[in-house]
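Chemist:
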Amino acid sequence: MNIDTPAKKILILAANPKQTSRLRLDEEVRDIKEGLRLSQQRDKFILQQEWAVRPRDVRRAVLDFRPNIIHFSGHGAGTTGLSFEDEIGKEKLVTGEALAGLFGQFAKQVECVVLNACYSEEQAVAIAQHIDYVIGMNAAIGDKAALEFAVGFYDALVAYDPRYDTYSRIEFAFNIACNAIQFAGISGDSIPIMKKKPHLGKVEEQPANLVEESQLSNDMSVRQNLSQEDIASIEAIISNKQSTSTNENEPNSLDESPLSSNTATFSQNQKQSVAQTSAPTNRLSNSTSVLRNKKSLIGAGIAAVVALTSYFVFNSQPSLKGTSTPTTSSSPQARDNSSYQKSCRNISINGDELSATCPQSNGSYKQTSIRVLGIENSNGELKYYPNPRTASTYQGSCHNISISGDTLSATCTQGNGSHKQTSIRILGISNNEGNLSY
1 MNIDTPAKKI
11 LILAANPKQT
21 SRLRLDEEVR
31 DIKEGLRLSQ
41 QRDKFILQQE
51 WAVRPRDVRR
61 AVLDFRPNII
71 HFSGHGAGTT
81 GLSFEDEIGK
91 EKLVTGEALA
101 GLFGQFAKQV
111 ECVVLNACYS
121 EEQAVAIAQH
131 IDYVIGMNAA
141 IGDKAALEFA
151 VGFYDALVAY
161 DPRYDTYSRI
171 EFAFNIACNA
181 IQFAGISGDS
191 IPIMKKKPHL
201 GKVEEQPANL
211 VEESQLSNDM
221 SVRQNLSQED
231 IASIEAIISN
241 KQSTSTNENE
251 PNSLDESPLS
261 SNTATFSQNQ
271 KQSVAQTSAP
281 TNRLSNSTSV
291 LRNKKSLIGA
301 GIAAVVALTS
311 YFVFNSQPSL
321 KGTSTPTTSS
331 SPQARDNSSY
341 QKSCRNISIN
351 GDELSATCPQ
361 SNGSYKQTSI
371 RVLGIENSNG
381 ELKYYPNPRT
391 ASTYQGSCHN
401 ISISGDTLSA
411 TCTQGNGSHK
421 QTSIRILGIS
431 NNEGNLSY
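Residue numbering for the sequence shown follows the UniProt record's numbering, starting at 1 and increasing by one per position.
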């Protein structure tokens, strides 16, 4: 089943008021357009640009174009706002609260807002209360670095393929864009920061038709493999489960359970059913007819799966007494505890860059540094991303960042604008012949 996904719309808003330093906005937009033109997925994106934008032009452009991504390119003035133009081309500042109030009205369609302007972090924080992903700058960013970031972001955005690439489309593009600054040999790769809507649930993007096809395939598989005998066994399982659930002397093993015989019958029927699916018979049409006439039995089949799962989970536990149950950690899966702090000295941190003086095998010491990966500020708490190789973003919204051994501490901004003291263990870094490495 193929479902045509509507093309994503990108709206670029550019403003360079009189009496402000001249920016290379035309070059930025030209290179973004060229990247889209060269992409194999160029038909899936539509780009519209607005120049010398006044505040009312922003509202009109969003109302008319209905974009999925809004990109502002221009000047930022920190807490006072972003620089747009007035009726005669002079600077007109718009606050983060005003932008958040406007963009929040379009939260159902706007997925991401990019503020490619100096000192735009405060506006990003405000807008992120309504929009899933917002990108801003935590300091002044050079024209060349801003250009490389923008081009890298949209190159990755249009090339994203969930079959091969990690994270969501926006997170993937952000990481590539930060690396593009590094790749060009320019300073400033830690200036872009990404804010996510509080309690944002989605981590990875999946095509809608992929989900629907998978669900349809699973549903049809269940229905095709159910025979009338299977359904009778399912009903018996449910009946026995209900009767045994009220019994105070519940059996301690599956061998003693009243479910055993019915489970065996159901499993045998399922094996026979699967074995027969490859034969050229009219089994499918017959079973479909039975299921259409007995919808309640389908519900019983689904309930039986739940009942069996619950039984195996809860009733098999007595046999595990005296053993430890494996647990999973919320820390990044691919990392162990750090060991660098045991042999290195003069340990310090600047943003996400960890520095230390570490011993080599010949006994001499070497100055070394490494980027701390995978840590974000989650509503005032330092936490790890699900994937440990994600570029850290905490440094964009935290201050008073310090380190003691392998413990990173900081004061981080919460969603309501207040600040909170928090800390986290840095994982996975060791001293490798005088070099800090993962």
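Yeah, the Cβ is synthetic: ideal placement off N, Cα and C, and Gly gets one too.
(1) Suppose you measure from the CA of L382 to the CA of Q109; what does that come to, to the nearest Å?
(2) Let me know the secondary structure DSSP gives C118 once reduced to three states.
(3) Keeping to the same chain, check which residues put their C-beta closer than 6 Å to that of residue 441; ignore five residues upstream and five downstream.
(4) Between which residues of its own chain and Q421 is the CB-CB distance below 6 Å, once the five residues before and five after are set aside?
(5) With which residues is T357 paired in a DSSP beta bridge?
(6) With distance defined between alpha-carbon atoms, name the residue in L63, I135, D64 and N68 nearest to G96.
(7) Would I70 and L147 be called neighbours here (beta carbons separated by less than 8 Å)?
(8) Alpha carbon to alpha carbon, what distance is there between E122 and V62?
(9) Buried or exposed for V117, going by 16 or more other Cβ atoms inside 10 Å?
(10) Out of curiosity, what's the CA-to-CA distance linking A52 and R30?
(11) L436 and T368 - do their beta-carbons sit closer together than 8 Å?
(12) On a CA-only basis, which of L102, P55, P67 and L115 is nearest I88? Give me that one, please.
(13) Could you check how far apart the C-beta atoms of G188 and A145 are, in whole angstroms? I think they sit under 8 Å.
(14) Three-state secondary structure (DSSP) at Y160?
(15) Could you tell me whether the Cβ atoms of V94 and G81 are closer together than 8 Å?
(16) Would you give the residue range spanned by the alpha helix (DSSP H) that F72 belongs to?
(17) Threshold first: 4 residues or longer. Then list the alpha helix (DSSP H) segments lying entirely within the stretch 130–202, N to C.
(18) Nearest by alpha-carbon distance to E127: which of F106, D86 and I426 is it?
(19) Using the Cβ count rule (16 or more neighbours within 10 Å means buried), how would you classify P386?
(20) Looking at the structure shown, is E212 part of a helix, part of a strand, or coil, going by DSSP?
(21) Mapping DSSP to helix, strand and coil, what is V62?
(22) I need the boundaries of the beta strand (DSSP E) containing E50, first residue and last residue.
(23) By how many angstroms is the C-alpha of P388 removed from the C-alpha of F172?
Modeler: Well, looking at it:
(1) The count along the sequence shown starts at 1 and reaches residue 382 at position 382. The count along the sequence shown starts at 1 and reaches residue 109 at position 109. If you take the alpha carbons of L382 and Q109, they lie about 30 Å apart.
(2) For the purposes of this step, residue 118 is taken as residue 118 along the sequence shown, with counting starting at 1. Residue state, collapsed to three classes: coil.
(3) Examination of residue 441 is not possible in this model, given that the chain is present from 1 through 438 alone.
(4) In the sequence shown, residue 421 corresponds to position 421, counting from 1. So the list reads T411, once near-sequence residues are dropped.
(5) Locating residue 357 in the sequence shown gives position 357, where the first residue counts as 1. Paired residue(s): R345 and Q367.
(6) Position 96 of the sequence shown, counting from 1, holds the residue named residue 96. It is I135.
(7) Locating residue 70 in the sequence shown gives position 70, where the first residue counts as 1. Locating residue 147 in the sequence shown gives position 147, where the first residue counts as 1. Contact: no.
(8) On the sequence shown, position 62 is the one that residue 62 refers to. On the sequence shown, position 122 is the one that residue 122 refers to. Taking the straight line joining both Cα atoms gives about 22 Å.
(9) Locating residue 117 in the sequence shown gives position 117, counting from the first residue. Strictly speaking, residue 117 in this sequence is Ala, with Val absent from that position. It is buried - the Cβ of A117 has at least 16 other Cβ atoms within 10 Å.
(10) The count along the sequence shown starts at 1 and reaches residue 52 at position 52. The count along the sequence shown starts at 1 and reaches residue 30 at position 30. Taking the straight line joining both Cα atoms gives about 16 Å.
(11) Taking the sequence shown and counting its residues from 1, one reaches residue 368 at position 368. Taking the sequence shown and counting its residues from 1, one reaches residue 436 at position 436. Yes, Cβ-Cβ distance for T368 and L436 is below 8 Å.
(12) Residue mapping note: residue 88 aligns to position 88 of the sequence shown, counting from 1. Closest option to I88, Cα to Cα, is P55.
(13) The residue labelled residue 188 in the question sits at position 188 within the sequence shown. The residue labelled residue 145 in the question sits at position 145 within the sequence shown. Rounded, the Cβ-Cβ distance is 4 Å, consistent with contact.
(14) Sequence index remark: in the sequence shown, residue 160 carries index 160 (1-based). Coil.
(15) Sequence index remark: in the sequence shown, residue 94 carries index 94 (1-based). Sequence index remark: in the sequence shown, residue 81 carries index 81 (1-based). The answer is yes: Cβ separation under 8 Å.
(16) For the purposes of this step, residue 72 is taken as residue 72 along the sequence shown, with counting starting at 1. Counting along the chain, F72 falls outside any alpha helix (DSSP H), though it belongs to the beta strand (DSSP E) covering I69 to S73.
(17) 143–159 and 169–183
(18) Taking the first residue of the sequence shown as position 1, residue 127 is located at position 127. Checking the sequence, you will find Ile at residue 127 rather than Glu. Nearest of F106, D86 and I426 to I127, Cα basis: F106.
(19) Numbered from its first residue, the sequence shown carries residue 386 at position 386. Burial call: exposed.
(20) As a first step, residue 212 must be located in the sequence shown, where it is residue number 212. The predicted position of E212 is uncertain, since its pLDDT is 40 and thus under 50; a value taken from the coordinates is nonetheless stated next. Helix, per DSSP.
(21) Within the sequence shown, the letter at position 62 stands for residue 62. Correct three-state label for V62: helix.
(22) Locating residue 50 in the sequence shown gives position 50, where the first residue counts as 1. From DSSP, the beta strand (DSSP E) with E50 extends over F45 to E50.
(23) Counting from 1 along the sequence shown, the entry for residue 172 is found at position 172. Counting from 1 along the sequence shown, the entry for residue 388 is found at position 388. Rounded to the nearest angstrom, the two C-alpha atoms are 14 Å apart.
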